[in-house]
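The structure appears right after this line, and notes come after that.
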Amino acid sequence: MSAEEKLAKTLIDAGGKALFFTGAGASTESGVPDFRGPQGLWKRIPPEVFDIDLFYRDPEYSWRIYAEYVYSQISRASPNRAHIVIAELESLGLVEAVITQNIDKLHQKAGSKKVIELHGTYDKVQCLRCGFHGDIKDFIEDFIREKRVPRCPKCGRILKPAVVYFGEPLPSEELSSAFSLAKSSKLIIVVGSSLSVYPAALIPEIALDHGAKLFIINESPTHLDKDAELVVREKAGTFLEKVSNAVEEMMKSSKQKDESLW
């Protein structure tokens, strides 16, 4: 049995209790850079520019970096085959949810309905004082044009992109939902994550501890490779396309067998 057939069969056998856990590598085929790879974001700017303390000290600088290196690239990106296949598998009833470390909204653009965003979303802003949330497009064009840091329309405090900066906690509701799903899952498929950023990386570990099978699709090694049923060193879109084809064939074959009984 090929790798794609093994994952396809395990997906079908999981009976809708499968999760995808995605990281930056799931979106590189869409032109969104990862962080630690050869062409990663940290090769161009230091990680410290996304520290919450720096944001408070110099919000204009932080907004400029965000607009230039994050918003400008992500806002132009389109879903790749990995995002599309994951959404198609969900529509077939095989995937319970997508838990993502990504902020790019590409899962939703591809059609995924249940997406838990652990690190926030690129297209929103938030006020850390009064809790206001709004669309970033209502503020960022003025910043790009006039270099005026966006302020909350309710309380006047400086607005922040609604993504998790270093030094900030992950959103508690999303993290709690992800942990709960992991505990009840039968299968978790890691796509494009180094599994090195915590607490998000706890999620596959929790799933394993509660009896789920683990598949990893990632071009570089992770510390959970030894615990996986299968590790695939291939581009996510390429491999998941083959998985999709295998699922289709297996479901078609199963349907034909059922019909032959009658």
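For the sequence shown, my numbering assigns the number 588 to the last residue and increments by one with no breaks.
Here a beta-carbon is modelled for each residue, glycine too, at the ideal position from N, C-alpha and C.
Just so it is clear, the structure is predicted and the values come from calculations on it, not from any experiment.
For residue i, which residues of its own chain have a beta-carbon under 8 angstroms away from its beta-carbon, when the five flanking residues on both sides are left out?
i, result
"R402", "G357"
"V411", "G563, L566, E567, V569, S570"
"L496", "L444, H445, V490, P525, A526"
Nearest-angstrom Cα distance between residue i and residue j?
i, j, result
"P405", "Q399", "13 angstroms"
"H433", "H409", "5 angstroms"
"L337", "L418", "11 angstroms"
"P479", "C456", "10 angstroms"
"S589", "I442", "No information on residue 589 is available, as it lies outside the stretch 327 to 588 that the chain covers here."
"T447", "K463", "13 angstroms"
"K578", "R390", "52 angstroms"
"V421", "Y387", "40 angstroms"
"V517", "K561", "9 angstroms"
"P293", "G363", "No information on residue 293 is available, as it lies outside the stretch 327 to 588 that the chain covers here."
"G349", "I515", "11 angstroms"
"E531", "L501", "14 angstroms"
"D360", "Q427", "11 angstroms"
"H459", "D384", "21 angstroms"
"E499", "Y397", "25 angstroms"
"K440", "G341", "17 angstroms"
"H536", "E331", "24 angstroms"
"L556", "A436", "26 angstroms"
When burial is assigned at 16 or more other CB atoms within 10 Å of the CB, is residue i buried or exposed?
i, result
"S328", "exposed"
"H549", "exposed"
"I371", "exposed"
"K473", "exposed"
"G482", "exposed"
"Q452", "buried"
"S580", "exposed"
"Q365", "exposed"
"P487", "buried"
"D339", "exposed"
"K512", "buried"
"E414", "buried"
State the start and end residues of the unbroken beta strand (DSSP E) segment that holds residue i.
i, result
"L513", "513 to 517"
"P487", "486 to 489"
"Y524", "Per DSSP, Y524 belongs to no beta strand (DSSP E) and is neither H nor E."
"F346", "344 to 348"
"V424", "421 to 426"
Using a Cβ-Cβ cutoff of less than 7 angstroms, which residues in the same chain neighbour residue i once the five nearest sequence positions on both sides are dropped?
i, result
"I378", "Y491, F492, G493, E494"
"E374", "L380"
"D430", "S353, V358, I400, A403, Y448"
"A334", "V569, A572, V573, M576"
"F376", "Y491, F492"
"L587", "Residue placement at L587 is flagged as unreliable, the pLDDT there being 45, under the threshold of 50; the coordinate-derived value follows with that caveat. Cβ within range, chain order: n/a, list empty."
What whole-angstrom Cβ distance do residue i and residue j have, given they're in contact under 8 angstroms?
i, j, result
"L534", "L540", "6 angstroms"
"I543", "V558", "5 angstroms"
"F347", "S510", "The Cβ separation is near 14 angstroms, so there is no contact."
"L485", "F465", "6 angstroms"
"L345", "A423", "6 angstroms"
"L367", "Y395", "6 angstroms"
I'd like the span of the alpha helix (DSSP H) that includes residue i, first residue to last.
i, result
"D464", "463 to 472"
"T336", "329 to 339"
"K539", "From DSSP, K539 is part of no alpha helix (DSSP H) but of the beta strand (DSSP E) over 539 to 543."
"Y448", "Run containing Y448: none in the alpha helix (DSSP H); it sits in the beta strand (DSSP E), 446 to 452."
"L556", "Element bounds for L556: not the alpha helix (DSSP H) but the beta strand (DSSP E), 556 to 558."
"V441", "Not the alpha helix (DSSP H): V441 falls in the beta strand (DSSP E), residues 441 to 443."
"E416", "407 to 417"
"K435", "432 to 436"
"Y387", "385 to 391"
"L367", "Where L367 is concerned, there is no enclosing alpha helix (DSSP H), given that its DSSP letter is neither H nor E."
"E494", "Counting along the chain, E494 falls outside any alpha helix (DSSP H), and DSSP gives it neither H nor E."
"K509", "498 to 510"
Which residues in the same chain as residue i place their Cβ atom closer than 6 angstroms to its Cβ, once the five residues preceding and following it in sequence are excluded?
i, result
"R407", "G563, E567"
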